[in-house]
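Trainee: These protein sequences, in sequence, are chains F and G. One point on numbering: in this note's numbering, the residue at position 533 of the first sequence is 545, and numbering is uninterrupted. One point on numbering: in this note's numbering, the residue at position 10 of the second sequence is 163, and numbering is uninterrupted. Cβ coordinates follow ideal geometry from the N, Cα and C atoms, glycine included.
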Amino acid sequence: MSEIAVRVGGQAGDGIASIGESLARCFSRLGWHTFGLNAYQSVIRGGHVWFQARAADPRPHSQGDGADILYALDKATVEIHAPGLRRGGAVVFDPEKFAVADGELPAGVRAVPVPTLEIARKYTSQSILQNAGGIGGAAYLAGLPLDMLHEVLRDSFGRKSGEIVDWNLGASEAGYRAAEKAAGQVPNAVSKKGAPKLLMNGNQAIALGAAAGGCKFLAQYPMTPASSVMHWMAAHAHTLGVVVKQAEDELAAINMAIGASFGGVRSMTATSGGGFALMVEALGMAGMTETPLVVVESQRAGPSTGVPTKTEQGDLNLMLGAGQSEFPRAILAPADPAEAYRATVRAFELAESWQTPILVASDLHLSENFFTVDRAEIDLNVEVPSLFTVQPNGHEYLRYQYTESGVSPRAIPGQPGLQFVAGSDEHDEHGHLISDIKAGIPKYILERQKMMDKRMRKLTGLAHEVPEPRWEGPADAPLTFVAWGSTVGAIRDAMVVLAAQGKSTNLLAFPAVHPLSESAVRAAFQRTKKTLLVEGNFSGQFGRHLRAETGLYLSERLLKYDGEPFFPHEIVARALEVM
Amino acid sequence: MGTPLPLIGKSDTKPTWCPGCGDFGVVAAVEMAVKRLKIPSHNVVVVSGIGCSSNLPHFLSSYGFHGIHGRAIPVAEGIRWANHGLTVIATGGDGDGFGIGAGHFVHAMRRNVDLTYVTMDNQIYGLTTGQASPTSSLGQKTKSTPDGVIENPIEPVALALASGATYVARGFSGDVKQLADLVAGGIQHKGFSFVDVYSPCVTYNKLNTFDFFRQRVYKLESAGHDPSDIVKAWQRALEWGDKIPIGLFYQTDRPTYEDLEKVLEAGPLALQTAGIRGGEKVLDEFV
């Protein structure tokens, strides 16, 4: 396995994420699979933020453990991150800002001074240009070719004035040369590995998947870490023909999306746990009125406001139980952007064909961090059928007709002769209320039960159409990891580490956590020897769900709820204990 | 030419309101207004939330969406944006619109979404059997306020004027003819039209009765009110006591949300193509 990880740290407002993203893009353009971790805090200026770009072969699925090169914009970054640097690594810093002695660093890690401020002053009095010298120094030490760095910087500053582009090119080259002079030859030149990869975060993949899946309307209220779904879609609204509405609150957002869906377009809303909690009543209305709806729930560390910039998988119970009484829903839980793209496309198809809300469960780790994707993994050729399919046939139109599948013919307002009222009250096949003067009358007691049965029958069909549990790794491994959502990434990386130690493991991932097909799940677990449930929450919410649905109890667990993503070494350590 | 498509009429569901309820006059006025404008019933969507008055969509032959408490407006907005070829009328009560749904009411007006909002304002919660509402009078005794209401009531017309509504009217369900004119004017108006209707609750509000209003209401058009003058409209909106004005308070022209939303320039969203087949260029930005 070969890998290189470059970490950049400083304060919020220093431009850390943009340096990190540029470095990640250098690797991905050279054809390396890359992971970019954006670690930040809920402040706009100050504090401590960092970004890590990690390129590796085999493909990295997480931020990994440790780093090789650290570009520190402040001394705090050195103190926090130096212990995680690997032998052979280096720290880029500006001696004009603070000093770093070799003795402060782990054995085999060098301090490499680069005069970033001095370089910047040759061009401008704006100190932000110091980042160019720093990124140049870090790129040199990472073994990145200067022309690739320049290509990426030229593209990222391309919309700014020619002067700014020139400054960045000049300053980054000066930093690159300064590091070369200070550190001498570096052994690990990063060579071109293949066609450029796509670098995207989970929210971009979700928004792209929504557009490809036919979404024409997105209503959303800003909330970390879901906001960038709206940002991406808004930036592409005109070219993609999607109306993006920032609503006054999450109550409005979901109700607008339901209204738009009823009105004849595929619609979506996206939020995090706090906003989703506000949407709960309307989610049930989508179930009751049988209005297709896609809801993205990007989880963050809770409860309540929690740790808004940190990750967790703590909202599964909420997603499973959201809404009074019962109605059919599915919850898809993609592991990475390629899967998030496909899951969102699928969510629109399922919502449409089953006329019920479909949830896409993401989390901060997937939503906001960067993963590489091969172009072939994103198939934009998605068929989006017209919604105006029901035609009047002279008979009485029954919007909520009892059917074997539970799905009834759906008319769209504007279609003559098919008028109906969609009601959040219980109703009969016509849509007429049976909640007031008919409630409790024997005939309508039966109607109520039949209508509940009709809606809930969809769950049986849905269970066959959501993505099945997926195996990764050798079939006969003595230990099987069980996971859902973004946690899968660190497990994949841990499996590589374990394999290098001669320990065979495999993974049973759940791209759909609900509904579970009991027979399919039980069959899958027939193949397991020992299992280890890995979840990013306090109580093992998926473990509880699995037990409730199938009777299977997974006793060995690795649960994490400190706000940080899983690191491969944590999974390796727990796996070795269990094995 | 084929046969003309049916105009709106009553549905085969009979209203379940109490005999004498003000809301009968409102549903009659909405039906008259839509019929007069000759909008085919399949191009009309009547949206509501929850409450006695929110059952209204069931009693008309148009499309309807009977949603959850307080959320009629965002559903109606979503329908408009999905298909701005439709006539969308939101209906509901004072609790639904000015209590639990007050936020949506204000924002829809500042957006100037082209829909008509008709509130059946009875100054009481009826369906939950008689608690104070956001428009109940100071001192009014209800089940939830046995010592009398101690909060100042919301004045919906004034709130609408302050929020940027471009058509602000008040009707009385005891005068269905004028009310139908006001609703028709609202539907024809390009932008958010608001018609607050005094629609007495004959069961739970013994204060604001039909007689109470009959003795007090006067028509703005008979009083020489100029609906283009927002300052005058404001003054009229604050009149309450022996004389209470009904009629059109204010009307102005302002681009609608749908006018300004560039994506809708290509026509109703529901009739546009969906998906991004063949749009591989969108992936280039990720390289």
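Three Cβ pairs or more, each shorter than 8 angstroms: is that satisfied between the region 499 to 514 of chain F and the region 581 to 588 of chain F?
Mentor: Proximity of the region 499 to 514 of chain F to the region 581 to 588 of chain F meets the contact definition, three or more beta-carbon pairs being nearer than 8 angstroms.
Trainee: So what's Asn213 (chain F) in DSSP terms, helix, strand or just coil?
Mentor: strand
Trainee: Here's the rule I'm using: 16 or more other beta-carbon atoms within 10 Å means buried, otherwise exposed. How should Ala6 (chain F) be labelled?
Mentor: As shown, chain F starts at 13 and ends at 591. That puts residue 6 (chain F) outside it, with no answer to give.
Trainee: Trp62 (chain F) bridges to which residues according to DSSP?
Mentor: F:Gly21 and F:Ala51
Trainee: Run through the DSSP bridge pairs and tell me what Ser374 (chain F) is partnered with.
Mentor: F:Ser310
Trainee: At a Cβ threshold of 7 angstroms, is Asn393 (chain F) touching chain G?
Mentor: yes
Trainee: Unbroken beta strand (DSSP E) runs of length 3 or more, entirely within the region 351 to 382 of chain G: which are they?
Mentor: 370 to 372
Trainee: Alpha helix (DSSP H) containing Gly286 (chain F): first to last residue?
Mentor: Gly285 to Thr301
Trainee: On the CB-based measure, 16 or more other CB atoms within 10 Å of its CB, does Arg539 (chain F) come out buried or exposed?
Mentor: The residue in question, Arg539 (chain F), is exposed, as its Cβ has fewer than 16 Cβ neighbours within 10 Å.
Trainee: Along the alpha helix (DSSP H) that carries Ser184 (chain F), what are the first and last residues, could you check?
Mentor: According to the DSSP assignment, Ser184 (chain F) belongs to the alpha helix (DSSP H) that extends over Gly174 to Ala195.
Trainee: What does the alpha-carbon distance come out to for the pair Val590 (chain F) and Leu544 (chain F)?
Mentor: Here the alpha carbons of Leu544 (chain F) and Val590 (chain F) stand approximately 8 angstroms from one another.
Trainee: In chain order, which continuous runs of the alpha helix (DSSP H) of length 4 or greater are located wholly inside the region 180 to 260 of chain G?
Mentor: 225 to 235
Trainee: Starting from the Cα of Phe363 (chain G), find the closest Cα among G:Phe347, G:Gly324 and G:Lys163 and give me that residue.
Mentor: It is G:Gly324.
Trainee: Roughly how many angstroms lie between the CA atoms of Phe402 (chain G) and Gly552 (chain F), to the nearest whole one?
Mentor: 59 angstroms
Trainee: Any idea what DSSP makes of Gly101 (chain F), helix, strand or coil?
Mentor: strand
Trainee: Could you pull the DSSP bridge partners for Asp163 (chain G) from this structure?
Mentor: A quick correction: the sequence has Lys, not Asp, at residue 163 (chain G). Note: Lys163 (chain G) sits in a beta bridge opposite G:Leu213.
Trainee: Terminal residues of the continuous beta strand (DSSP E) containing Ala119 (chain F)?
Mentor: Counting along the chain, Ala119 (chain F) falls outside any beta strand (DSSP E), and DSSP gives it neither H nor E.
Trainee: Quick one: what's got a C-beta closer than 7 angstroms to Gly173 (chain G)'s C-beta in the same chain, skipping five residues either side?
Mentor: If you ignore the 5 residues before and after Gly173 (chain G), its C-beta comes within less than 7 angstroms of the C-beta of Val355, all in its own chain and listed in chain order.
Trainee: List the residues of chain G that His444 (chain F) touches, going by C-beta distances under 8 angstroms, in chain order.
Mentor: Thr166 and His211
Trainee: State the DSSP-derived secondary structure class of Ala113 (chain F), mapped to helix, strand or coil.
Mentor: coil
Trainee: Taking buried to mean at least 16 other C-beta atoms within 10 Å of its own C-beta, is Ile424 (chain F) buried or exposed?
Mentor: buried
Trainee: Run down chain F in chain order and give the residues with a C-beta less than 9 angstroms from the C-beta of Asn196 (chain G).
Mentor: Pro425, Gly426 and Pro428
Trainee: Quick one: grab the DSSP three-state call for Arg482 (chain F).
Mentor: Three-state DSSP puts Arg482 (chain F) in a strand.
Trainee: For Ile92 (chain F), name the three-state secondary structure that DSSP assigns.
Mentor: When secondary structure is reduced to three states using DSSP, Ile92 (chain F) falls in the helix class.
Trainee: Should the region 39 to 50 of chain F be regarded as contacting the region 65 to 77 of chain F, the criterion being three or more beta carbon pairs within less than 8 angstroms?
Mentor: yes
Trainee: Indicate the three-state DSSP secondary structure (helix, strand or coil) for Gly431 (chain G) in the structure shown.
Mentor: coil
Trainee: Closest by CA to Val435 (chain G), which one among F:Ser447, F:Thr251 and F:His60?
Mentor: For Val435 (chain G), the nearest C-alpha among the options comes from F:Thr251.
Trainee: Do you know offhand how far Lys87 (chain F)'s Cα is from Val124 (chain F)'s?
Mentor: Rounded to whole angstroms, Lys87 (chain F) to Val124 (chain F) spans 14 angstroms at the Cα level.
Trainee: In three-state terms, what does DSSP make of Gln138 (chain F)?
Mentor: coil
Trainee: My output table needs one value for Tyr270 (chain G): the three-state DSSP class, helix, strand or coil.
Mentor: Three-state DSSP puts Tyr270 (chain G) in a strand.
Trainee: Below 8 angstroms, how does it come out for the region 178 to 193 of chain G and the region 327 to 335 of chain G: are there three or more Cβ pairs, yes or no?
Mentor: A contact is defined here as three or more CB-CB pairs under 8 angstroms, and the region 178 to 193 of chain G meets this definition with respect to the region 327 to 335 of chain G.
Trainee: Taking Cβ positions only, does Leu312 (chain G) come closer than 7 angstroms to chain F?
Mentor: no
Trainee: Taking Cβ positions only, does Arg430 (chain G) come closer than 7 angstroms to chain F?
Mentor: yes
Trainee: Use the C-beta contact count for Asp300 (chain G): other C-beta atoms within 10 angstroms, 16 or more gives buried, fewer gives exposed.
Mentor: A residue is called buried when at least 16 other Cβ atoms come within 10 angstroms of its Cβ; Asp300 (chain G) does not meet this threshold and is exposed.
Trainee: With a threshold of 6 angstroms on Cβ separation, who are the neighbours of Pro316 (chain G) within its own chain once the five nearest residues in sequence on each side are excluded?
Mentor: Residue identity check: residue 316 (chain G) is Ser in the sequence provided, not Pro. Counting only Cβ-Cβ distances below 6 angstroms, and skipping sequence neighbours, we find Val259, Met262 and Arg263.
Trainee: Could you tell me the boundaries of the alpha helix (DSSP H) in which Ala475 (chain F) lies?
Mentor: Pro454 to Glu477
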